[in-house]
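Since the structure comes first, as structure tokens, the remarks are kept for the end.
Residue numbers (the working numbering): 1035 to 1343.
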């Protein structure tokens, strides 16, 4: 079997920063530190941090007063900040800077009286936070059908923003429809979909044709991982989302000579290597890594936990 390894894959700068924030907080303040929501959407990462002393909660009310609280990479709305302050919590904001940029844009549009169309997934942690910054004057657009049918109050001030982990192609289709329906639609000065999402999708699009199947290593909770599967399928390939090697079924590999492997932005590389080792244990494999885009992005951690040494 021939294995094509897509590059880039795995951790993005925002995920690396968020994980570092939790580890650094534990190092500085000791156990426990509390994290609102999963720090990133990967079960293995969450379990690893739990073992080190992190406690993950869904509600700020579950955090004892005067504790350390981290906000996840997906960010939160202003109401969560207010709740945390009222409980006298020490806040460490691990929100990805690219998500934070969308939050600032939502806040600016809301303050300027715009009706905001948010392109994103209902119930996703990032979308919930962004809607909070939009202060109620926001309508969620999840797909092409929503774009075609959504009704909003008549206004000349209308703008769109997006979740950072959308399919680039699907988002373009939605935006095209919205621009046709609402000629005054204000666009962000630069796209909201992040560099890592774009690059991982680009790699799958350009490499899928070389493979019989595509295996995406990622959590089913991860929007960007699910979209890599969707993109592979849209390219006409059979594609599977697996958390790790234990989820690969023998039937996946029947008649397969070449497999493309990639991973979502919150996936540790060890689980990609675990998939490769599993495939290599079944039959002799050749491995070829193909780089489609280079990445050299790094985000500073918050000043509250910065190591000055």
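Think of the CB as a built atom: it goes at the ideal place given N, C-alpha and C, for glycine as much as any other residue.
Put simply, the backbone Cα of residue 1103 is about 10 Å away from that of residue 1066.
Relative to the Cα of residue 1340, the nearest Cα in the group 1265, 1058, 1305, 1045 belongs to 1058. Look at the region 1215-1295 and you find these whole runs of beta strand (DSSP E), each 3 residues long or longer: 1247-1251, 1272-1276. Per DSSP, residue 1057 lies in no beta strand (DSSP E) segment; the continuous alpha helix (DSSP H) that holds it begins and ends at 1047-1063.
Within the DSSP secondary-structure output, residue 1297 pairs in a beta bridge with 1251. Excluding the 5 residues flanking it on each side, residue 1272 has same chain C-beta neighbours closer than 7 Å at 1247, in chain order.
Residue 1171 sits close to residue 1150, with the two beta carbons spaced by under 8 Å. For residue 1040, the beta-bridge partners assigned by DSSP are 1324.
For residue 1038 against residue 1282, the beta-carbon gap comes to about 16 Å, at or over 8 Å, which does not count as contact. With contacts defined as CB atoms closer than 8 Å, residue 1071 and residue 1092 qualify as a contacting pair. Between residue 1256 and residue 1076, the beta carbon gap of about 7 Å places them in contact (Cβ cut-off 8 Å).
Looking from the CA of residue 1332, the closest CA among 1184, 1322, 1253, 1045 belongs to 1045. Leaving aside the five residues that flank residue 1041 on each side, the residues in its chain whose CB is nearer than 6 Å to its CB run, in chain order, 1323, 1325.
With fewer than 16 other Cβ atoms inside 10 Å of its own Cβ, residue 1157 counts as exposed. The three-state secondary structure of residue 1124, taken from DSSP, is strand. Taken through DSSP and simplified to helix, strand or coil, residue 1105 comes out as strand.
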